[in-house]
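Written below as structure tokens is the structure these notes are about.
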Amino acid sequence: MTVDWLYTTFSQLFSFIENTDLLFLMSAILPIGIIVSLMAANAIVMVYAEMKISAFMQDRVGPMGQGPGLHAGKFGILQPIADPIKLLLKEDTIPEVADKPLFILAPFIIFLGAIIGFLAVPFNENVIVVDLNIGIFYIMAVGSLAVIGLILAGWSSNNKWSLYGGMRSAAQIISYEIPAGLCVIVIIMLAGSLNMQDIIHYQSGGMLNWIIFSNPFSFVAFFVFFICIVAETNRGPFDISEAESELVGGFHTEYSGFRWSIFFLSEYANMLIVAFVAATGFLGGWQSPFQDFMTGPLWGTFWMLGKVFSLLFVMIWFRWTFPRLRVDQLMYICWKVFIPISLINIFGVGIWTILIG
Amino acid sequence: MSRYFRNIAESLSSLLTGMGITFTHMLKIKKGNVTLQYPEEKWPRPERNIGFNHEDYNVIRSRLTVDINDCIGCLKCERICPVQCIKIETEKAPVRGEDINEINHVGITSNGTNKVQVVTRFDIDMTECCYCNLCTYPCPEECIYMTGGPNSKKHPIDYEFSEHDRSDLIYRFAKPGTKEGIQKVKSKQGAQS
Amino acid sequence: MDGDLMTINMGPNHPATHGVLRLKCQTDGEIISGITPVIGYLHRCFEKHSENVTYEQVIPYVDRCDYLSSMTMDFGYVVAVEKLMNIEVPEKVEYIRVVMAELQRIASHLLALGVYGMDMGAFTPMLYMLKERERILDLFELTCGARLLYNYMWVGGLSHDLPRGFVEMTYQFLDQFEPKIDEYDNVLSNNKIFVERTADIGVLPPDVAVNYGVTGPNLRASGVKWDLRKNEAYSIYDRFDFEVPIGEGIKGTVGDCWDRYYVRMIEIRESVKIVRQALAKMPKDGDVHKAVPKKIRPPKGSIYSRTESSRGDLGYYIISDGTPTPSRVKMRSPSFASLSAISEISEGWMMSDMISVLGSLDIVLGEIDR
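Residue numbers (this note's numbering), protein chains in the order written: chain A, 274 to 630; chain B, 25 to 217; chain C, 269 to 638.
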């Protein structure tokens, strides 16, 4: 479902519209609308999943209810709907001494960074908004846009704790881009393309052809990449920028109501994007794990989302198991463990491809 | 160098162990769950019958209550209270151990003690109460206790007594109008004699 | 790069200060160069109040000082008053008191360890530990009706005898609890991230610890074998066979945060041992009110008595002027001494390490401010 395909469809459908700009606008806005609603739906599913999974891991049952009305529906199903309603109804405060324009701008920059990444994400064989020939590079690039928003949020709040959070997250995200990028190079070396669909097509023909299993170095690269993207989304053991027991809430301490919910939405959207990249790059995207078994566009979407949500589950699992790292230990792991390993991986993949094929 | 790799191996094994534990807890949630769905399910109240001459003394800490008909106004509970949340005022009864029908005063307690005093005020401020249970032990007539305690059949347990207004948490146990009533009774008797 | 220091206020409302503690921190970036604890936000005039109430009325106030370990607080107070009045307590009462105090020590340490894990960002182990703590509180509720502030130990006795089936239920609890300690070790103590966050951090050398008057698990973690239950056995602690764990620096240096954490973990195991022995030796019959005086009116004089609470050396200095109300009650609070050492051991470390040090000292603000 590329924009081009929409454009041709629209021009056939609405042949009475002469203005080609209008048609182009329509075919551009429609996917954006779908992506925004997808982000909201994703946040709802993820909030519910996080509440339930964390509860089960902690011997609790999480949100529960005996029926609609009194509580949050059967099994608390309505809880993720009640939460946004509460957030939207809350007073949206801006501190007196905050830098108001930047304070208002910051959440939207983060939101923007999350939303435009979806443009190059393939959902199945046909459904991709823009099939960029530099797809994976584009996603990595716009993914770093969030760091500007985080620094702005930390700085403009005019709160020392928020400033700590902003600075920490800036250092963290920028550092973890490097090993993540180096791991993406492994994908590019093997697939020989930056295009997301080409990378997936390279991995066709069953589980053993996936990049993760193609050689031992790429197997290591997958795990390094996965941990790096967890760190990049400020989650799990790497949530030092919001570290509630140290910095109270980090960069979003001063935010409330709708603006705060945008941070929340973006966090889950970012998780979704990086999980898509990991699934595309290493786990064969929408390819079935078995050759010629349950293939087709619908099954493709199923496999893709299955892989993505398994990765998201592992992220939640991380978060509710591990303690938080200290900021210098985070840097140690990045610069002294992951970067050497990633460099060795690139070297190893090259040698392996030449010698074994 | 070997320390570097040992560190990585150690980290991986310890982190995977932790993940294994949380995962098994997740799978065994049916067995391990501790949450109660509060308004529907309630924590079982411990049942026990022991000591202090009370045959059915159920040890419980909840709202204080008084059987005012049994109260002889000895002020023991007021004196023992460490936070002074019990306020009692008494008036000497005209005739010892006799009912006064005008103010619904009962002259003899259920233990058979003849009452000398008429309790005109018995207020317990539950906002101040520290639930230490000290007031219930010295009571000679066993008329002050926490609900669900010795007379749990008469006074079922009540630990959910939140109110919108703070003054609603002051429980007044003396019968309304006793204070004015006893004075009226006394002055009437004074006029007769 | 030299720059001005930034003053940052941590607390009184902060998730990691375990109550209402305010820490004035001078920071150079993430590094803490000066730290001043400001206390008194939870001051409730316990000592002054005690001068206006009778001896038995002090006990509910004592409960509320260290609200996480009320039984051991009561224990210290009643032992002091009994010494002042020369009361001989029945055998059964002594055994029940030891069982209660040790169960309370387990409960208090479980909370301390769990919340310490939460300070480090590990939420799940805390709930595992709280789950077991709840079972101990259930036992207390069965015994005296209250779950947190018991008013259970009286001068000369106890408010109630043990309920029927208590011994069996306690054995049942201990049997299912002991394997859980290994689980805590796996999920938190040996977790590499947790070890990195705590080992070699905030090292409290033994001489500094002694100078500051730090006691309890914090002192023992620094390698000083000092436990009043062994060294100055009060009540009947000399009849039990248990070890006094000291910090050995397994993961780092002796006296670091991990040692302070782990000493508590071993103490839980030792307390389990004591409870088992006490339950086995406990006499079946006996009236727990036999020695309760009708009127508590100690002779003129003063007493200083100290016991080992969950947090350390808990001392009561009581002056009696022969009336039913104490003339003066002074409490030596172990957490206060522990907190005073924080500036010594956390300066020069990072912000996150300071949280780690604060959590490992296991302070309770109710007891510091009194």
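For every residue, glycine included, the Cβ atom is placed at its ideal position computed from N, Cα and C.
Since the structure is predicted, the reported quantities are computational estimates derived from the model, not experimental observations.
Check each candidate in the options and name the one with the smallest Cα separation from residue i.
i, options, result
"Phe359 (chain A)", "A:Val622, A:Trp533, A:Thr574, A:Trp590", "Going by the sequence as given, residue 359 (chain A) is Lys instead of Phe. Closest option to Lys359 (chain A), Cα to Cα, is A:Trp533."
"Leu463 (chain A)", "A:Phe490, A:Glu450, A:Pro570", "A:Phe490"
"Gly287 (chain C)", "C:Glu298, C:Ile276, C:Asp334", "C:Asp334"
"Leu392 (chain A)", "A:Tyr411, A:Leu436, A:Leu375, A:Phe381", "A:Tyr411"
"Tyr396 (chain C)", "C:Met353, C:Asp450, C:Gly569", "C:Asp450"
"Gly516 (chain A)", "A:Tyr437, A:Val309, A:Ile612, A:Ile382", "Per the sequence shown, residue 516 (chain A) should be read as Ala rather than Gly. Ala516 (chain A) has its Cα closest to that of A:Tyr437, out of A:Tyr437, A:Val309, A:Ile612, A:Ile382."
"Thr591 (chain C)", "C:Glu612, C:Asp272, C:Val543, C:Ile564", "C:Ile564"
"Ile478 (chain A)", "A:Asn406, A:Phe498, A:Phe566, A:Ser430", "Just to set this straight, residue 478 (chain A) is Gly in the shown sequence, not Ile. Residue A:Phe566 is the option with its Cα nearest to Gly478 (chain A)."
"Val306 (chain C)", "C:Glu615, C:Val625, C:Asp630, C:Ile610", "C:Ile610"
"Leu418 (chain A)", "A:Asn399, A:Phe381, A:Leu311", "A:Phe381"
"Asp524 (chain C)", "C:His317, C:Ala477, C:Lys399, C:Leu407", "C:Ala477"
"Thr114 (chain B)", "B:Asp91, B:Lys139, B:Ile168", "B:Lys139"
"Asp404 (chain A)", "A:Val276, A:Val581, A:Val415", "A:Val276"
"Ala548 (chain C)", "C:Ala467, C:Tyr363, C:Lys598, C:Lys519", "C:Tyr363"
"Thr304 (chain C)", "C:Val326, C:Thr295, C:Tyr323, C:Ile374", "C:Thr295"
"Val550 (chain A)", "A:Ile354, A:Trp593, A:Leu584, A:Leu375", "A:Leu584"
"Glu165 (chain B)", "B:Gln216, B:Leu88, B:Ser134, B:Tyr62", "B:Ser134"
"Trp559 (chain A)", "A:Ile546, A:Ala548, A:Val547, A:Phe575", "A:Phe575"
"Arg365 (chain C)", "C:Arg638, C:Glu446, C:Val347", "C:Val347"
"Thr438 (chain C)", "C:Tyr452, C:Gly470, C:Arg401", "C:Arg401"
DSSP three-state label for residue i, please.
i, result
"Gln545 (chain C)", "helix"
"Phe146 (chain B)", "strand"
"Lys247 (chain A)", "A question about residue 247 (chain A) goes unanswered here, because the residues of chain A that appear run from 274 up to 630."
"Thr48 (chain B)", "helix"
"His78 (chain B)", "Model confidence at His78 (chain B) stands at a pLDDT of 42, short of 50, so the residue's coordinates are unreliable; what they give is reported in the following sentence. Three-state result, His78 (chain B): coil."
"Trp625 (chain A)", "helix"
"Thr114 (chain B)", "strand"
"Ile276 (chain C)", "strand"
"Thr646 (chain C)", "Because chain C here runs from 269 to 638, residue 646 (chain C) falls outside it and cannot be looked at."
"Ile485 (chain A)", "helix"
"Gly634 (chain C)", "helix"
"Phe408 (chain C)", "helix"
"Tyr502 (chain C)", "coil"
"Tyr530 (chain C)", "helix"
"Cys501 (chain A)", "helix"
"Thr506 (chain A)", "coil"
"Ala284 (chain C)", "coil"
"Gln352 (chain A)", "helix"
"Val318 (chain A)", "helix"
"Arg558 (chain C)", "The displayed chain sequence assigns Lys, not Arg, to residue 558 (chain C). Note: Lys558 (chain C) maps to coil in three-state DSSP."
Starting from residue i, follow its DSSP beta bridges and name the residues at the other end.
i, result
"Val597 (chain C)", "C:Ile586"
"Arg290 (chain C)", "C:Val306"
"Glu359 (chain C)", "None; Glu359 (chain C) has no bridge partner."
"Glu576 (chain C)", "C:Asp581"
"Ser570 (chain C)", "C:Ile587"
"Arg196 (chain B)", "B:Asp147"
"Gly425 (chain C)", "C:Trp422"
"Ile300 (chain C)", "C:Thr295"
"Met618 (chain C)", "C:Ile299"
(message) Closer than 8 angstroms is the cut-off here; do at least three beta carbon pairs connect the stretch 447 to 463 of chain A with the stretch 610 to 626 of chain A?
(response) yes
(request) Mind the definition here: the stretch 371 to 390 of chain A touches the stretch 535 to 547 of chain A only if three or more C-beta pairs lie below 8 angstroms; say whether that holds. (result) yes
(request) Could you pull out every unbroken alpha helix (DSSP H) segment of at least 4 residues lying fully inside the stretch 81 to 111 of chain B, listed in chain order? (result) Along the stretch 81 to 111 of chain B, the alpha helix (DSSP H) occurs as fully enclosed runs of 4 or more residues at 100 to 104, listed in sequence order.
(message) As an exercise, report each continuous beta strand (DSSP E) stretch of at least 3 residues that is fully enclosed by the stretch 577 to 603 of chain A, in chain order.
(response) none
(request) Identify every run of the beta strand (DSSP E) within the stretch 116 to 189 of chain B, keeping only runs that are complete inside it and at least 3 residues long; order them along the chain. (result) 141 to 149, 168 to 170
(request) Could you pull out every unbroken alpha helix (DSSP H) segment of at least 4 residues lying fully inside the stretch 416 to 484 of chain C, listed in chain order? (result) 434 to 452, 460 to 466, 474 to 480
(message) With three or more beta-carbon pairs closer than 8 angstroms as the criterion, would you say the stretch 494 to 505 of chain C touches the stretch 412 to 421 of chain C?
(response) no
(request) Tell me the start and end of each unbroken alpha helix (DSSP H) in the stretch 367 to 414 of chain C that is at least 4 residues and wholly inside, in chain order. (result) 391 to 412
(message) Does the stretch 373 to 390 of chain C come into contact with the stretch 524 to 537 of chain C, if we say contact requires no fewer than three beta-carbon pairs (one atom in each stretch) closer than 8 angstroms?
(response) yes
(request) Pair every Cβ in the stretch 196 to 203 of chain B with every Cβ in the stretch 141 to 148 of chain B, then say whether three or more of these pairs are closer than 8 angstroms. (result) yes
(message) Threshold first: 4 residues or longer. Then list the alpha helix (DSSP H) segments lying entirely within the stretch 501 to 569 of chain A, N to C.
(response) 517 to 520, 530 to 555
(message) Three Cβ pairs or more, each shorter than 8 angstroms: is that satisfied between the stretch 420 to 433 of chain A and the stretch 361 to 379 of chain A?
(response) With a cut-off of 8 angstroms, the stretch 361 to 379 of chain A and the stretch 420 to 433 of chain A count as touching, because enough Cβ pairs lie within range.
(message) Could you check whether the stretch 615 to 635 of chain C touches the stretch 503 to 522 of chain C, counting it as contact only if at least three pairs of C-beta atoms, one from each stretch, sit closer than 8 angstroms?
(response) no
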